[in-house]
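Have a look at the structure below, then the notes.
In our numbering, the protein residues as written are 13 to 130.
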């Protein structure tokens with residue numbers, strides 16, 4: 013089971029859908045500071061709880077590469093996408109994504125591909 017932390021700009025339904033796939037998923041709105049949780053707090057929670065941060069925010073890529081935080085990173089690089097299409101895309105690739113996180117710490121999901129970064 014992979015543990016996820018879904019960032020504020022992604023829908024709460026994404027965390028619910030990930031849970032339905034048998035994984036542990038928390039959305040920032042469920043944290044004490046809700047969707048006002050800072051990136052630094054998200055990174056700290058990710059490190060403490062060994063969670064994959066799911067985000068569209070490229071700032072997390074920079075902090076991951078420069079500071080090693082968050083623990084692991086799933087960057088959603090689809091551009092604007094309807095929530096239903098996003099849910100379908102993530103769920104259709106969930107098995108591959110969780111498999112990649114056994115080896116890689118940074119994975120990117122676009123409409124066309126799943127890319128594991130070294």
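Ideal Cβ placement from N, Cα and C applies to all residues, glycine included.
Do the region 67-74 and the region 18-35 make contact, defined as three or more Cβ pairs closer than 8 Å? yes
In terms of residues, what are the limits of the beta strand (DSSP E) holding residue 120? In the chain shown, counting from the first residue as 1, residue 120 sits at position 108. Taken as a continuous stretch (DSSP letters only), the beta strand (DSSP E) holding residue 120 covers 118-121.
Would you give the residue range spanned by the alpha helix (DSSP H) that residue 29 belongs to? Counting from 1 along the chain shown, the entry for residue 29 is found at position 17. Its alpha helix (DSSP H) spans residues 24-32.
As assigned by DSSP and simplified to three states, the class of residue 63: Translated into the one-based positions of the chain shown, residue 63 becomes position 51. In this structure, residue 63 counts as coil in the three-state DSSP scheme.
Hey, residue 90 and residue 101 are a contact pair by Cβ (cut 8 Å); roughly how many whole angstroms apart? The sequence position of residue 90 within the chain shown is 78, counting from 1. The sequence position of residue 101 within the chain shown is 89, counting from 1. That pair is a contact at about 7 Å.
What would DSSP say about residue 88, mapped onto helix, strand or coil? Taking the first residue of the chain shown as position 1, residue 88 is located at position 76. When secondary structure is reduced to three states using DSSP, residue 88 falls in the strand class.
Would residue 27 and residue 38 be called neighbours here (beta carbons separated by less than 8 Å)? Reading the chain shown from its first residue, position 15 is the one you call residue 27. Reading the chain shown from its first residue, position 26 is the one you call residue 38. Yes.
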